Amino acid sequence: MSRTLVVGVGSPQGDDQAGWLVADRLTAHHTDTGSPPGWTVRRARIPLDLLDWLDGVDRLVLCDACETLGEPGQLHCWTWPDPAIAACRSLTSHDFGLSSVLQMAGALGRLPRQVTIWGIEMTGAEMNGSELPHEPAPELHAAVARAVAEILAVLK
Numbered sequence: 003m004s005r006t007l008v009v010g011v012g013s014p015q016g017d018d019q020a021g022w023l024v025a026d027r028l029t030a031h032h033t034d035t036g037s038p039p040g041w042t043v044r045r046a047r048i049p050l051d052l053l054d055w056l057d058g059v060d061r062l063v064l065c066d067a068c069e070t071l072g073e074p075g076q077l078h079c080w081t082w083p084d085p086a087i088a089a090c091r092s093l094t095s096h097d098f099g100l101s102s103v104l105q106m107a108g109a110l111g112r113l114p115r116q117v118t119i120w121g122i123e124m125t126g127a128e129m130n131g132s133e134l135p136h137e138p139a140p141e142l143h144a145a146v147a148r149a150v151a152e153i154l155a156v157l158k
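Residue numbers (my numbering): 3 to 158.
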C-alpha cells in the first residue's frame, strides 16, 4: 500500500501558522470523515523534523508559509525539485530550509518518489523587524481553506 505523509511546517506565530493550520484542518477532516488508508498528517516546527518521518513514505505533501513576489494569501504549488522552492523565503528557514532538507533526504536515499510543496504567501507583516503577531492575517484563513481543498482533491 502506498503511504502518504502530509506535513504542515510552521510555528504558533502570525502567518507562519499556515502549514500548521492546514495540517490541523486535514486532521479534523479525517476525524470527521475517516482517514484514508495510508495517510498520516503531522506538524513540524522546522523542516529538519521531516527526516525522522520519511521511512516507508511514497508521497510527501508539504505546506508552509512563504514569501515570494506574490499577493498575500496566494497559494503556490511546486513539485520537487523546482528551483522556485529554494527562492521562496520561509520563516522556518533559520535552521535548514525546506530545499536543503529535501536535498539531504535525496542524498541519504530517503526522499519519497513524489514530493509536492504548497506555499501560502504571507502578508509580509512578519518581515518588518517587529515581533511576530500571534494571529494570522485574514487573507491567510482563506488561503488555508483553499490549500486544504486542493490537497484533498489531489490526494483522493
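The beta-carbon is built from N, C-alpha and C at its ideal position, and this holds for glycine as well. Everything numeric in this text was worked out from a predicted model, so none of it was measured.
Worksheet item: So, R61 versus R115, is the Cβ gap smaller than 9 Å?
Response: Yes, the pair counts as a contact, with Cβ atoms nearer than the cut-off.
Worksheet item: Where does I122 sit, in a helix, a strand or coil, going by DSSP?
Response: The answer is strand: DSSP assigns I122 an E or B state.
Discussion item. To the nearest angstrom, how far is the alpha carbon of A149 from that of G108?
Written reply: Straight-line spacing of the CA atoms in A149 and G108 works out to 26 Å.
Discussion item. Below 8 Å on the Cβ atoms is my contact criterion, and I expect R44 with A25 to pass it. Report the Cβ-Cβ distance as a whole number of Å.
Written reply: The beta carbons of R44 and A25 sit about 7 Å from each other, so the pair counts as a contact at 8 Å.
Worksheet entry | Where the alpha helix (DSSP H) through L104 begins and ends | Its alpha helix (DSSP H) spans residues 100 to 109.
Worksheet item: Hey, is the region 13 to 31 in contact with the region 47 to 67, meaning 3+ C-beta pairs nearer than 8 Å?
Response: Touching, yes, given that three or more Cβ pairs across the two stretches are closer than 8 Å.
Worksheet entry | DSSP three-state assignment for G40, whether helix, strand or coil | Coil, per DSSP.
Worksheet item: Who are the near neighbours of L56 in its chain, counting only those whose CB is closer than 8 Å to its CB and skipping five residues on each side?
Response: Cβ within range, chain order: L7, L62, A107, R112, L113, P114.
Worksheet entry | Three-state class that DSSP yields for L1 in the structure shown | This structure gives no information on residue 1, because the portion of the chain shown stretches from 3 to 158.
Practice prompt. Taking only the alpha-carbon atoms, compute the straight-line gap between H78 and E123 and give it to the nearest angstrom.
Written response: If I take the Cα positions, the gap works out to 8 Å.
Practice prompt. Give the DSSP-derived three-state secondary structure of V59 in the structure shown.
Written response: Three-state DSSP puts V59 in coil, outside helix and strand.
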